[in-house]
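Quick note, the sequence shown lines up with residues 2 to 1105 if you use the numbering used here. Glycine residues also receive a C-beta, built at the ideal position from the N, C-alpha and C atoms. Please read all numbers here as calculations on a predicted model, not as lab measurements. In what follows, a single structure is set out as structure tokens and then discussed.
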Amino acid sequence: MDFRGLSSDVRKVLKEGSFLGSKNNSGAYPYDLAILFARIWFLKAEIFVHSKTLTTSVEDFFESLHEGSRFLLKSFGGQLKEKAEIQTLKLIEGMPGQVESLYKSSQSEALVENHQIRDLLYRFLVQLKLFKADALLSGEILNQKEEVSPLKKQIGTLQEGLAYLIKSDVNHPRKKEYSEDEKLILADIERLAAGVSFLCDSCPADSMELQLSNLQGKVQGLKLKLTDLYFQNPSSNFPKMPGLAPIKSLLQKLQQLRKLAHESVECATYQIEAIHGELELIICNYGHSLENEKSADDIRARLVNAAYEVQHVIDLMVSGSGGESQQLLWLFHLSEEIIHVKNQLRDCFKNRNKGLHPSELITHAEDKTASHGLKPIVSKHATHSAEKIMVGFDSDKAFILNELIHGGSHLDVVSIVGMGGIGKTTLAKNVFESLKIVHHFHTRVWCCVSQTYVKKRDLLLGVLRQLLEFTDNTLEMEDQFIEELLHKFLKGKRYLIVMDDVWHHSAWADLRNSLPDDLCGSRILITSRFLEFPKPHHLHLLSDDESWELLKKKVFGYRWWPEEFLKFGQQIAKTCKGLPLAINTVSGLLGATDEDKWQEIAERLSITKAMSATEHVMTALELSYQHLPDNLKECFLYFVVCAEDEDFSVRKLLWLWIAEGFITDEKSRTLEDLAKECFMQLIGTNLIMVAKKKSNGEVKRCRVHDLVLDFCKRKAKEANFMQLISGEPSSVLHDEHYNPSASSNSEQYRLSISGDPEGFIVSKPSGPFVRSLLFFTANQMYPGCHSDVSFIFSNFKLLKVLDLEFINAGNTLEVGLDLPVHLRYFAVGGDMDSIPSSLFKLQNLETLVVTGLMNKFVLPDTIWSMAKLRHLRITNHCIFTLQYNKNRSYSKLDSLVSLTMPSFICGEETNNIVTRFPHIRKLKCKVLEPLVGSMLVPQFPALGSLHQLETLVITYYGRPLKTCEFNLPSSLKKLTLSNFRLQWIHISDIGRLPKLEILKLISGAFVGSRWNMEEGEFLNLKYLKLDSLDIVQWDAPRDILPCLEQLVLRNCKQLGEVPVGFADISTLQKIEVHQCGVSVEESVRRIVEQQLEFGNEDIISVFP
2 MDFRGLSSDV RKVLKEGSFL GSKNNSGAYP YDLAILFARI WFLKAEIFVH
52 SKTLTTSVED FFESLHEGSR FLLKSFGGQL KEKAEIQTLK LIEGMPGQVE
102 SLYKSSQSEA LVENHQIRDL LYRFLVQLKL FKADALLSGE ILNQKEEVSP
152 LKKQIGTLQE GLAYLIKSDV NHPRKKEYSE DEKLILADIE RLAAGVSFLC
202 DSCPADSMEL QLSNLQGKVQ GLKLKLTDLY FQNPSSNFPK MPGLAPIKSL
252 LQKLQQLRKL AHESVECATY QIEAIHGELE LIICNYGHSL ENEKSADDIR
302 ARLVNAAYEV QHVIDLMVSG SGGESQQLLW LFHLSEEIIH VKNQLRDCFK
352 NRNKGLHPSE LITHAEDKTA SHGLKPIVSK HATHSAEKIM VGFDSDKAFI
402 LNELIHGGSH LDVVSIVGMG GIGKTTLAKN VFESLKIVHH FHTRVWCCVS
452 QTYVKKRDLL LGVLRQLLEF TDNTLEMEDQ FIEELLHKFL KGKRYLIVMD
502 DVWHHSAWAD LRNSLPDDLC GSRILITSRF LEFPKPHHLH LLSDDESWEL
552 LKKKVFGYRW WPEEFLKFGQ QIAKTCKGLP LAINTVSGLL GATDEDKWQE
602 IAERLSITKA MSATEHVMTA LELSYQHLPD NLKECFLYFV VCAEDEDFSV
652 RKLLWLWIAE GFITDEKSRT LEDLAKECFM QLIGTNLIMV AKKKSNGEVK
702 RCRVHDLVLD FCKRKAKEAN FMQLISGEPS SVLHDEHYNP SASSNSEQYR
752 LSISGDPEGF IVSKPSGPFV RSLLFFTANQ MYPGCHSDVS FIFSNFKLLK
802 VLDLEFINAG NTLEVGLDLP VHLRYFAVGG DMDSIPSSLF KLQNLETLVV
852 TGLMNKFVLP DTIWSMAKLR HLRITNHCIF TLQYNKNRSY SKLDSLVSLT
902 MPSFICGEET NNIVTRFPHI RKLKCKVLEP LVGSMLVPQF PALGSLHQLE
952 TLVITYYGRP LKTCEFNLPS SLKKLTLSNF RLQWIHISDI GRLPKLEILK
1002 LISGAFVGSR WNMEEGEFLN LKYLKLDSLD IVQWDAPRDI LPCLEQLVLR
1052 NCKQLGEVPV GFADISTLQK IEVHQCGVSV EESVRRIVEQ QLEFGNEDII
1102 SVFP
């Protein structure tokens, strides 16, 4: 045994005891006394463990240690207040057990060496000194009178460094072996702790700042040594997107953390603040150059990757995942990396621009790059339907119409064939929506087949769901019964079915057996790239003149265009090789009045003359993509989740963009409005197509051309944006097919699983880096059998986006649902009995979508604590309840902007509930009559306090309302009422709403034979729909509805005619009549004729 070292330790203890004894012995130093006691124990323990001759029994010795521990806890436990002091006491409390374990190990067969015992005891002493130093620094912070001061920040940074050293791997409780390097580090830590003690006890005030700086340098040096020894950078695959969006997003995140003072990252407060400061400095001084200079690509990529890693580490800490010591080392390593990059940038700019200030350099870079930037132009004609902008196919359209309408009486097939992007779908859509087709066929169905077609069942359900309202029984039917159901529905009808983008003859063969041939002249129209289908009609490439004509209409619409654009316009059109998709793509880059831009595009495209038409499309797509702003690049690449030839909900898309962080928050505008603006910018580039519009003209569903989708997938793969996994054997989503057994641990950032998800679910993989996990199935319907998805919550803890809407999760959500604490978007579907209350503990959740609930469900009270919830969409039947606190006040969902589909019971409580959504903009709900035996009278809910409400869809279930007082906010723009059975006299209250633009009255919303409209009502109404009403007579003055654009009448079989005053509405564009009497159709025809006489050539009427 090394008695020389031991005697030195004894002298230190005696000296410290003498020092404490000389102080005022008033009990004011319990912490120092506790540490002194513990150090004496360590000496006793070391002597005991090493002694060959024991003067006391082993049991008695360890009992004395435990007794001493209890004495310390009893004597000092109540007096220690600081965190570091309490940690010290816990360390002391556990020390006797560890020494006892050490002794027993030394006596076992696997002998513990003497140096191991001494190293372990020495580590205890170092820890004690660190705790003491930490406590002393806490005292120094309290002594700083100023709330914020440089000195206080320095002390805090030093204290944070000490806290890390306490938790570092070198001080790990289970560590028993120490290398020479680790022993040296322990000695350095001990000297650091002694330096901190000197600083707090004896350092002159005027020297404190210098000493703090020296000590911080020692902490940094120790961290570097610990990083070299212990840090292992995990393998990851973060996205490699251009621009600085991830850095800017991280800066926002760090700013929020600083405001919230999140407890889980308290141990890295100053480290995070330092990273925030360095990144902010880099963005401020070099941001523009990093975004615009090609030479900065590598250094920008390093910074962006570091930003992703910082975000990852912080989220690990917040979620409580992984080892804290490694996470703190990782943050330190990233901080050093960011500082290194900053220094590189500074040196680079100094050498390249001597004497030029960084801000001047940025200005210089702006001047240099401004002429090369092409921003997307949102064309006023971007959302025009395909029918309005089609050039060169008039004769083709006439031919197809003739084949469909005037052919034989037998069921027949016509096919449109041609290369990708030539306009097959555009022509078919024009034909499908032609009034001649609408009037000729009883039933029309449009179904997209696509290259990934595999299952006959999916095709049949896709057709059937456009004809019938599905029930659970429909989804559970066997294929044979689905075929019979389809055959039965079409029996006796003249039908047209369009099969778009068919790649395999088997798709037509699978559908053919389900179709009756009743000699009614039914038709099948197929679009394909292949010639194997009946009666193929070949589409030709456009001529140069037709190409130029299409380009003009895409950019300028049907109005005048500047002749000076002729030269460059014709040149651009010619390079598109007559392919409409290429023209469509290029038109999104061209501004309406910037001749220089036209010249630049013409010059860039001139190098593609030798390419094929399809190659030219890809070149045009690349050009469009490169000139998208960085945030729009991310938004565009998100379309990789779309199935080929499938429409996608714009609402869902915008919610996903927001959850992903693509939309930057602005105080003056809502995130939804900003996301909608980004979407319209993409529409303006013609990269995205409009599939369906809402009644107010906004885009409801969108899609991408299959060539654009192929390009999107290629760019997403290059950028590690999202990994696509398919359960289908013919998938073209990625090069290597997914192998569950080889994919137990995903390093990807985003995963999208399409087709059959069972292989993924059964393998129960984990994704420590995955932030988005999305499932998409054919026809977007969840299957009948349940899938256990509970593993996702524990294996993918860092998720921000989880879309299980088309997975039948059943009741498998009970366990671990509160683990992914970062979740912002969560959609879940299936045959669920209820929603687990733990779901509402996810405090970062912004969007919640639940489909398929089996029963009425009462939302738990925990929902009122979801401060960030913006969108709540629950199908079927959910009910809110009120929970008051002790003061009879209640919390509100201040962030909620859209709510679907709660059920409210008429009464005062419902009126109180709706006031808890003060910022709601869209509400779709059911109103139920009071319970049987209730004294409450059925009444319309009081919604007048919802001053931001713009859209209200409300359905009533119960006895007719005898009286009604509409309490609606003046902000309302869109109103849909159903089943209220109100008398028409009450509609005047609605007519006085000043901003109302869309009104839909459905299924007995109002009852009575006569609606007498009055002057001054509905002054801003643009869209009016009457559906399934018993109205007989509709009276109105001549100057009614001055802003009306569209009138839809459906199933109003008793209505006599539309008021003649509609002929005087100058804004009227369209009248649709469905399943109404002949007299209504005749009155509409007279109105249309008068409108045409007055010069309204755009008005159309539809009588399906």
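| I think GLY422 touches ALA583, with their Cβ atoms under 8 Å apart; what is that distance to the nearest whole Å? | Start at 1 with the first residue of the sequence shown, and residue 422 comes out as number 421. Start at 1 with the first residue of the sequence shown, and residue 583 comes out as number 582. The Cβ separation is near 7 Å, so the contact holds.
| request: Closer than 6 Å by C-beta to ASP413: which residues in its own chain qualify, once you throw out the five before and the five after it? Chain order, please. | output: By 1-based counting over the sequence shown, the position of residue 413 is 412. So the list reads ARG524, once near-sequence residues are dropped.
| query | Helix or strand or just coil, what does DSSP make of GLU667? | reply | For this step, residue 667 is matched to residue 666 along the sequence shown. Here GLU667 sits in strand by DSSP.
| query | Leaving out the 5 sequence neighbours to the left and right, which residues in its chain are closer than 6 Å to GLU1018 when beta-carbon positions are compared? | reply | Translated into the one-based positions of the sequence shown, residue 1018 becomes position 1017. For GLU1018, where only same-chain residues beyond five positions count, the Cβ hits under 6 Å are GLY992.
| field | Three-pair Cβ contact test at 8 Å for the segment 181-189 versus the segment 288-305 | value | no
| said: Check whether the segment 479-491 and the segment 543-550 are in contact - that is, three or more C-beta pairs closer than 8 Å. | reply: no
| Three-state secondary structure assigned by DSSP to PHE905 | Counting from one through the sequence shown, the residue named residue 905 turns up at place 904. If DSSP states are grouped into helix, strand and coil, PHE905 belongs with the strands.
| said: Going by C-alpha to C-alpha distance, which of GLY288, SER336, ALA828 and THR444 sits closest to CYS521? | reply: Here the question's residue 521 lines up with position 520 in the sequence shown. Comparing Cα positions, the closest option is THR444.
| Taking all protein chains shown into account, do 16 or more other C-beta atoms lie within 10 angstroms of the C-beta of ARG751, making it buried, or fewer, making it exposed? | The sequence position of residue 751 within the sequence shown is 750, counting from 1. With 16 or more Cβ atoms within 10 Å of its Cβ, ARG751 is classed as buried.
| Hey, would you say LYS798 sits closer than 8 Å to SER773, going by beta carbons? | Your numbering for residue 798 matches position 797 in the sequence shown. Your numbering for residue 773 matches position 772 in the sequence shown. No, the Cβ-Cβ distance between LYS798 and SER773 is not below 8 Å.
| request: Would you grab the beta carbon distance between ILE1003 and ASP1031 for me? Rounded to a whole angstrom, and I think it's under 8 Å. | output: By one-based count along the sequence shown, residue 1003 stands at place 1002. By one-based count along the sequence shown, residue 1031 stands at place 1030. Actually they are not in contact, since the Cβ atoms of ILE1003 and ASP1031 sit about 13 Å apart, beyond 8 Å.
| Of all the options PHE858, GLY1062, ALA206 and ILE689, which has the alpha carbon lying nearest to the alpha carbon of GLY589? | Here residue 589 refers to the residue found at position 588 when the sequence shown is read from its first residue. Minimum Cα distance to GLY589 is reached at ILE689.
| field | Among ILE276, LEU526 and LEU883, nearest to THR158 - alpha-carbon criterion | value | On the sequence shown, residue 158 is found 157 positions in, with the first residue counted as 1. Nearest of ILE276, LEU526 and LEU883 to THR158, Cα basis: ILE276.
| So, TRP509 versus ILE483, is the Cβ gap smaller than 8 Å? | The sequence position of residue 509 within the sequence shown is 508, counting from 1. The sequence position of residue 483 within the sequence shown is 482, counting from 1. No.
| query | For the beta strand (DSSP E) that contains SER451, what are its first and last residues? | reply | Your numbering for residue 451 matches position 450 in the sequence shown. Taken as a continuous stretch (DSSP letters only), the beta strand (DSSP E) holding SER451 covers 444-451.
| Do the segment 690-700 and the segment 921-930 make contact, defined as three or more Cβ pairs closer than 8 Å? | no
| query | Which residues mark the beginning and the end of the beta strand (DSSP E) in which ILE1072 is found? | reply | Here residue 1072 corresponds to residue number 1071 of the sequence shown, with the count starting at 1. From DSSP, the beta strand (DSSP E) with ILE1072 extends over 1071-1075.
| said: Which residue wins for smallest C-alpha separation from SER169, given the options TRP331, ALA308, SER795 and LEU216? | reply: For this step, residue 169 is matched to residue 168 along the sequence shown. Comparing Cα-Cα distances from SER169 to each of TRP331, ALA308, SER795 and LEU216, the minimum goes to TRP331.
| request: Taking 8 Å as the threshold, find out whether the segment 816-825 comes into contact with the segment 851-867 through three or more Cβ pairs. | output: no
| query | Any idea if THR876 is buried or exposed, counting beta-carbon neighbours within 10 angstroms, 16 or more meaning buried? | reply | On the sequence shown, residue 876 is found 875 positions in, with the first residue counted as 1. Looking at its Cβ environment, which holds fewer than 16 other Cβ atoms inside 10 Å, THR876 is exposed.
| query | According to DSSP, is GLY878 helix, strand or coil? | reply | Along the sequence shown, read from residue 1 onward, the residue named residue 878 stands at position 877. Going by the sequence as given, residue 878 is His instead of Gly. Of the three classes helix, strand and coil, the one that applies to HIS878 here is strand, per DSSP.
| Cβ-Cβ distance between TYR309 and PRO247 below 8 Å | As a working mapping, residue 309 is identified with position 308 in the sequence shown. As a working mapping, residue 247 is identified with position 246 in the sequence shown. The answer is yes: Cβ separation under 8 Å.
| message | In this structure, how does DSSP classify LYS694 when only helix, strand and coil are distinguished? | response | For the purposes of this step, residue 694 is taken as the residue at position 693 of the sequence shown. In the structure shown, LYS694 sits in a strand (DSSP, three-state: E or B).
| message | Report the start-end ranges of each alpha helix (DSSP H) in the segment 787-849 that is 4 residues or longer and not cut off at the edges. | response | 792-796
| query | Considering PHE777, what are the terminal residues of the beta strand (DSSP E) in which it resides? | reply | The residue given as residue 777 occupies position 776 in the sequence shown. Run containing PHE777: 773-777, per the beta strand (DSSP E) assignment.
| query | Thinking just about the alpha-carbon of each residue, which of SER208, LEU329 and LEU1050 is nearest to the one in TYR231? | reply | Numbered from its first residue, the sequence shown carries residue 231 at position 230. Among SER208, LEU329 and LEU1050, the Cα nearest to that of TYR231 is on LEU329.
| Nonlocal neighbours in the same chain, by C-beta distance under 8 Å from GLN256, ignoring five residues either side | Here the question's residue 256 lines up with position 255 in the sequence shown. If we look at GLN256 and ignore the five residues flanking it on each side, its Cβ neighbours are HIS277.
| query | Run through DSSP, which three-state label would ASN740 get? | reply | By one-based count along the sequence shown, residue 740 stands at place 739. With a pLDDT of only 48 at ASN740, under 50, the local geometry of the prediction cannot be trusted, and the value read off the model is given with reservation. Coil.
| request: Indicate whether TRP658 and TYR639 have their beta-carbon atoms separated by less than 8 Å. | output: The residue you call residue 658 lines up with position 657 of the sequence shown. The residue you call residue 639 lines up with position 638 of the sequence shown. Taking 8 Å as the Cβ cut-off, TRP658 and TYR639 qualify as a contacting pair.
| said: Rounded to whole angstroms, what is the Cα-Cα separation between LYS430 and PHE394? | reply: Here residue 430 corresponds to residue number 429 of the sequence shown, with the count starting at 1. Here residue 394 corresponds to residue number 393 of the sequence shown, with the count starting at 1. About 12 Å.
| message | Just to confirm, is the Cβ distance from LEU1045 to LEU1022 under 8 Å? | response | The residue you call residue 1045 lines up with position 1044 of the sequence shown. The residue you call residue 1022 lines up with position 1021 of the sequence shown. In this structure, LEU1022 lies closer than 8 Å to LEU1045 by Cβ.
| Around the Cβ of PHE1095, are there at least 16 other Cβ atoms within 10 angstroms (buried) or fewer (exposed)? | Mapped onto the sequence shown, residue 1095 falls at position 1094. PHE1095 should be labelled exposed.
| field | Other residues of its chain near GLN984: CB distance less than 6 Å, five sequence neighbours each side excluded | value | Indexing the sequence shown from 1 puts residue 984 at position 983. So the qualifying residues of the chain are GLY1009.
| query | Going by alpha carbons, who is nearest to LYS254 out of SER451, LYS568, ALA399 and GLU661? | reply | For this step, residue 254 is matched to residue 253 along the sequence shown. Cα-wise, what sits closest to LYS254 is GLU661.
| For LEU883 versus ILE836, is the C-beta spacing smaller than 8 Å? | To locate residue 883, count along the sequence shown from 1; it is residue 882. To locate residue 836, count along the sequence shown from 1; it is residue 835. No, they are not a contact pair.
| request: Flag this pair as yes or no: are the beta carbons of THR956 and SER979 separated by less than 8 Å? | output: Along the sequence shown, one-based indexing puts residue 956 at 955. Along the sequence shown, one-based indexing puts residue 979 at 978. Taking 8 Å as the Cβ cut-off, THR956 and SER979 qualify as a contacting pair.
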